[in-house]
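Participant: Protein chains in written order, with our numbering: chain A, 1 to 464; chain B, 465 to 586. Just so you know, even glycine gets a beta-carbon here, dropped at the ideal spot from N, CA and C. These figures come from a predicted structure and were not determined experimentally. Structure incoming, see below.
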Amino acid sequence: MKIEHKIILSNVFNFALILLTGLFAIQNLNAVLTKLRFIEIADDLNANFLEMRISEKNYFLYGNAETLLEIKDKIKLAEASIDKAKNDIVRAVGAGSLSTLRRYLREYSEMVDMIIQFPSRDTGTETMLRTAGKNLREFSETTTRLERERMNVIIARSKDFLRYAFWCVLVLAILVSHFISQKILASLRAIEKMTTSISQGDFRKIEESRSKDEFGSLINAINVMSEELSHREGEIIQSKKLASLGILTAGVAHELTNPLNNISMMAQNYVELYDSLNREDRIELMNKVEGETVRIQEIVKNLLDFSKPKEANLQEADINAVITKTMKLVQNMIDISNITTKLGLDEGLPRIYIDEHQIQQVLVNLITNAVQAMSSGGMLYIGSRLGRKWDSIEITVKDSGKGITPEFLPHIFDPFFSTKGDSGTGLGLSVSYGIIKNHKGDIRVESKPGVGTTFTIELPVKKN
Amino acid sequence: MDRYRVMIIDDEKIVGDMAKMSLEREGYVVETFLNGESALIRLKEERFDVVVTDLKMKGVDGMEVLKTVKELYPDTKVIMITAFANLDTAIEALRGDVHDFFPKPVKIKELKVSIERALSGR
């Protein structure tokens with residue numbers, strides 16, 4: 001179901017609940033009003049009946065026949081108001097009670113008629129009339145009392161109901177909105193996880209979404225994008241490899257051209273000037289040729305080292321000890337260049353599995369680069385600390401040197417790429433990169449021209 | 465007749481040495497330099513008839529040498545040599561009033577012919 005539909009449904013549900021409560025309240029209110037109207041009528045009747053009974057008592061005390069006529073008038077009044085409020089009374093107490101009331105009234109009326117016709121004040125007549133009057137009044141009063149009680153019950157019940165309904169609606173609204181927001185948040189979290197892993201270069205499909213909501217289609221869209229990115233990344237890696245190969249080839253060609261040219265020129269002179277050269281000159285030339293071949297040999301060896309990195313011999317080691325040892329190796333160079341060093345080595349770092357010699361090689365490389373990038377009075381910072389996710393150690397080599405221009409930065413780890421002109425082979429960082437990758441680690445560079453360069457090495461903590 | 469003066473500039477010492485070894489036997493006065501800076505200092509002291517310079521050098525490079533030579537001595541011929549034998553660098557060098565252009569490895573015989581031709585015009 002779509003989220004939009006879920007929200008609409010929950011709103012409809014809450015609305016229905018409120019409507020139901022309101023209907024119930026209105027119904028209760030109507031019942032209360034009916035009862036109230038009945039009680040009003042009943043009160044009038046009761047007052048009427050009371051007056052009848054006072055007249056009845058007066059008749060038997062003083063024998064005034066007029067009082068009987070007064071009673072008759074009151075009976076007519078009562079009958080008239082009962083007729084008028086017939087519907088209300090039926091609604092409040094039912095047709096049964098109404099006919100009972102009418103019967104009692106009729107009996108009483110007939111009794112009064114009889115006394116008017118055959119005036120009598122004996123005890124028998126008195127008892128009969130009084131009983132009829134009493135019946136009428138008691139029935140009316142009892143009914144009124146009961147109705148009052150019923151009305152109170154209805155009021156109390158609807159008060160309770162409204163209170164419960166209020167809590168019910170509140171709790172349900174909270175539960176439903178919580179449920180929906182949890183679902184939305186869960187989907188958002190899944191998408192966040194996905195996009196984070198994509199940004200880290202993991203293009204695997206996280207999960208095929210089963211939900212049919214907006215997030216489902218969003219996840220599908222991201223999956224498609226991820227697939228496309230993965231495909232593109234492959235192309236990029238391929239073209240990068242080709243570019244590296246191009247740089248490598250150009251680098252090799254350039255590196256080899258100079259010694260080859262030297263050998264060529266010496267050979268040309270050897271042949272051309274053979275007769276005019278003495279023995280020592282010839283030997284010197286050939287020795288120099290030999291020297292140039294050694295130079296070529298060196299380039300080829302470096303190239304082989306680069307293309308086939310030696311297997312790392314991993315041993316448990318304390319990274320701070322390795323850094324301290326390395327610092328001793330480069331201290332002389334740092335002193336000569338008049339560079340200030342600052343070490344920030346965190347204590348209690350976990351031990352890691354590394355090839356100490358190779359890591360030293362990387363550190364010497366980075367430190368040499370840093371020193372060469374700085375003029376006298378520069379500042380070199382070397383730090384170690386636990387990585388952000390606690391599963392790696394980060395080593396930072398930071399200089400206050402001239403920095404690397406942004407267009408060179410992406411090529412910094414390319415083989416034979418050098419910003420140092422002819423003084424660098426362009427293999428140092430490339431070899432370092434290979435070593436760190438061999439350690440399943442990572443090496444990153446950040447640089448601002450004129451501010452300095454920071455290299456960060458990340459090495460995985462030994463896993464048990 | 466005065467002997468012609470040839471200057472060789474290349475950061476590879478052997479290039480200068482070999483050119484000098486060959487050219488001196490042809491009767492040229494040859495001076496070699498390992499970088500542009502020292503060559504320019506010497507050029508300000510004395511005129512050379514031909515300057516053979518490596519194009520790509522750290523610091524003062526071949527193009528800068530060419531520019532200074534042409535400012536100081538418009539008649540002096542400049543011959544470029546370079547390890548980067550591609551069309552772009554050749555065009556760049558030739559545009560800058562270069563007499564000749566040699567990719568490495570340099571053929572000394574051809575270099576000598578080129579120098580002779582550079583001097584035959586005067």
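#1: For LYS288(A), which residues in chain B fall below 8 Å Cβ to Cβ?
#2: Would DSSP call ILE352(A) helix, strand or coil?
#3: Within its chain, find whatever has a CB closer than 6 Å to the CB of LYS402(A); leave out the 5 residues flanking it on each side and keep chain order.
#4: Is the beta carbon of LEU314(A) sitting closer than 9 Å to the one on TYR353(A)?
#5: If I'm right that ARG50(A) touches ALA78(A) with Cβ under 8 Å, what's the distance once you round it to whole angstroms?
#6: Taking the C-alpha atoms as reference points, what is the distance between PHE118(A) and ALA95(A)?
#7: Taking just the CA atoms, how far does GLN297(A) sit from SER432(A)?
#8: Which runs of the alpha helix (DSSP H), 4 residues or longer, sit entirely within the stretch 310 to 359 of chain A?
#9: Look up PHE566(B) in the DSSP assignment and say whether it is helix, strand or coil.
#10: Quickly, what does DSSP pair GLY452(A) with across the bridge? List them, please.
#11: Residues of chain B with CB under 7 Å from SER264(A), in chain order?
#12: If you follow the alpha helix (DSSP H) that SER384(A) is part of, which residue opens it and which one closes it?
#13: Could you tell me whether the Cβ of ALA483(B) comes closer than 9 Å to any Cβ of chain A?
#14: Just to confirm my understanding: we take GLY480(B), look at its own chain, exclude 5 residues before and 5 after, and list those with CB closer than 6 Å. What are they?
#15: From this set, ILE319(A), ASP113(A), SER264(A), ILE89(A), which residue's C-alpha is nearest LYS571(B)'s C-alpha?
#16: Could you check what DSSP says for ARG121(A) in three-state terms: helix, strand or coil?
#17: Considering only C-alpha positions, which residue in the set PHE566(B), SER486(B), ASP561(B), ARG469(B) is nearest to VAL529(B)?
#18: Less than 9 Å between the beta carbons of PHE565(B) and ILE579(B), yes or no?
#19: Measuring only between beta-carbons, confirm whether SER276(A) sits less than 9 Å from chain B.
#20: Do we get a CB-CB distance below 9 Å when we pair LYS508(B) with the residues of chain A?
#21: Quick one: list the residues of chain A neighbouring ALA547(B), beta-carbon separation under 8 Å, in chain order.
#22: Does DSSP classify THR100(A) as helix, strand or coil?
#23: Using DSSP's beta-bridge definition, name the partner residues of LYS398(A).
#24: What whole-angstrom Cβ distance do GLU290(A) and PRO259(A) have, given they're in contact under 8 Å?
#25: Less than 8 Å between the CB atoms is what I'm expecting for LYS76(A) and VAL112(A), so what's the real figure, rounded?
#26: Can at least three beta-carbon pairs, one atom from the stretch 132 to 151 of chain A and one from the stretch 88 to 107 of chain A, be found at a separation below 8 Å?
#27: Is there a Cβ of chain A sitting closer than 9 Å to that of ILE572(B), yes or no?
#28: Along chain A, which residues have their Cβ under 7 Å away from the Cβ of SER584(B)?
#29: Note down, in chain order, every chain A residue with its Cβ under 9 Å from the Cβ of SER486(B).
#30: For GLU70(A), which option in SER81(A), LYS35(A), VAL300(A), GLU56(A) has the closest C-alpha, if you only look at C-alpha atoms?
#31: In angstroms with no decimal places, state the Cα-to-Cα distance between PRO569(B) and LYS576(B).
#32: So, LEU363(A) versus VAL371(A), is the Cβ gap smaller than 9 Å?
#33: Using DSSP's beta-bridge definition, name the partner residues of LEU229(A).
#34: Between ILE382(A) and THR396(A), what straight-line distance do the alpha-carbon atoms span, to the nearest angstrom?
#35: Any beta-carbon of chain B closer than 9 Å to the one on GLU280(A)?
Facilitator: Short version:
#1: Translated into positions along the first sequence, residue 288(A) becomes position 288. Per Cβ cutoff of 8 Å: ILE478.
#2: Working through the first sequence from its first residue, we reach residue 352(A) at position 352. Per DSSP, reduced to three states, the secondary structure at ILE352(A) is strand.
#3: For the purposes of this step, residue 402(A) is identified with residue 402 of the first sequence, where counting begins at 1. Contacts found: ALA373.
#4: To locate residue 314(A), count along the first sequence from 1; it is residue 314. To locate residue 353(A), count along the first sequence from 1; it is residue 353. A contact, by the Cβ cut-off of 9 Å.
#5: The sequence position of residue 50(A) within the first sequence is 50, counting from 1. The sequence position of residue 78(A) within the first sequence is 78, counting from 1. Just to set this straight, residue 50(A) is Leu in the shown sequence, not Arg. Their Cβ separation, rounded to whole angstroms, is 11 Å, which puts LEU50(A) and ALA78(A) out of contact at 8 Å.
#6: Taking the first residue of the first sequence as position 1, residue 118(A) is located at position 118. Taking the first residue of the first sequence as position 1, residue 95(A) is located at position 95. One C-alpha to the other measures close to 34 Å.
#7: Position 432 of the first sequence, counted from the first residue, corresponds to residue 432(A). Position 297 of the first sequence, counted from the first residue, corresponds to residue 297(A). The straight-line gap from Cα to Cα measures roughly 21 Å.
#8: 319 to 336
#9: As a working mapping, residue 566(B) is identified with position 102 in the second sequence. The answer is strand: DSSP assigns PHE566(B) an E or B state.
#10: The residue given as residue 452(A) occupies position 452 in the first sequence. Note: GLY452(A) sits in a beta bridge opposite LYS448(A).
#11: Position 264 of the first sequence holds residue 264(A). Correct list: PRO569.
#12: Indexing the first sequence from 1 puts residue 384(A) at position 384. Element bounds for SER384(A): not the alpha helix (DSSP H) but the beta strand (DSSP E), 379 to 386.
#13: What you label residue 483(B) is simply residue 19 of the second sequence in a count that begins at 1. Cβ-Cβ to chain A under 9 Å: yes for ALA483(B).
#14: Taking the first residue of the second sequence as 1, we reach residue 480(B) at position 16. So the qualifying residues of the chain are ILE472, ASP474, THR496.
#15: Position 107 of the second sequence, counting from 1, holds the residue named residue 571(B). Closest in alpha carbon position to LYS571(B), among ILE319(A), ASP113(A), SER264(A), ILE89(A), is SER264(A).
#16: Stepping through the first sequence from its first residue, residue 121(A) is reached at position 121. Coil.
#17: Residue numbering aside, residue 529(B) sits at position 65 when the second sequence is read from its first letter. Looking at the Cα atoms, ASP561(B) is the closest of the given residues.
#18: In the second sequence, residue 565(B) corresponds to position 101, counting from 1. In the second sequence, residue 579(B) corresponds to position 115, counting from 1. No, the Cβ-Cβ distance between PHE565(B) and ILE579(B) is not below 9 Å.
#19: Residue mapping note: residue 276(A) aligns to position 276 of the first sequence, counting from 1. It does; some Cβ of chain B falls within 9 Å.
#20: Counting from one through the second sequence, the residue named residue 508(B) turns up at place 44. LYS508(B) does not count as touching chain A.
#21: Position 83 of the second sequence, counting from 1, holds the residue named residue 547(B). Here the neighbours are HIS254, THR257, ASN258, ASN261.
#22: For the purposes of this step, residue 100(A) is taken as the residue at position 100 of the first sequence. Residue state, collapsed to three classes: helix.
#23: One-based indexing of the first sequence puts residue 398(A) at position 398. TYR381(A), THR454(A), per the DSSP bridge assignment.
#24: On the first sequence, residue 290(A) is found 290 positions in, with the first residue counted as 1. On the first sequence, residue 259(A) is found 259 positions in, with the first residue counted as 1. At roughly 11 Å, the Cβ-Cβ gap does not stay under 8 Å, so GLU290(A) and PRO259(A) are not in contact.
#25: The residue you call residue 76(A) lines up with position 76 of the first sequence. The residue you call residue 112(A) lines up with position 112 of the first sequence. Going by Cβ atoms, the distance from LYS76(A) to VAL112(A) rounds to 11 Å, so no, they are not a contact pair.
#26: yes
#27: Taking the second sequence and counting its residues from 1, one reaches residue 572(B) at position 108. The beta carbon of ILE572(B) sits closer than 9 Å to some beta carbon of chain A.
#28: To locate residue 584(B), count along the second sequence from 1; it is residue 120. Within 7 Å Cβ-Cβ: nothing; SER584(B) doesn't reach chain A, min ~22 Å.
#29: For the purposes of this step, residue 486(B) is identified with residue 22 of the second sequence, where counting begins at 1. Under the 9 Å cutoff, chain A gives MET265, GLN268, ASN269, GLU272, LEU273.
#30: In the first sequence, residue 70(A) corresponds to position 70, counting from 1. Nearest option by C-alpha distance: GLU56(A).
#31: By one-based count along the second sequence, residue 569(B) stands at place 105. By one-based count along the second sequence, residue 576(B) stands at place 112. C-alpha separation (whole angstroms): 14 Å.
#32: Reading the first sequence from its first residue, position 363 is the one you call residue 363(A). Reading the first sequence from its first residue, position 371 is the one you call residue 371(A). In this structure, VAL371(A) does not lie closer than 9 Å to LEU363(A) by Cβ.
#33: One-based indexing of the first sequence puts residue 229(A) at position 229. Bridge partners of LEU229(A): none, in fact.
#34: Your numbering for residue 382(A) matches position 382 in the first sequence. Your numbering for residue 396(A) matches position 396 in the first sequence. Each residue's Cα considered, the two are about 5 Å apart.
#35: The sequence position of residue 280(A) within the first sequence is 280, counting from 1. With 9 Å as the cut-off, GLU280(A) does not count as an interface residue toward chain B.
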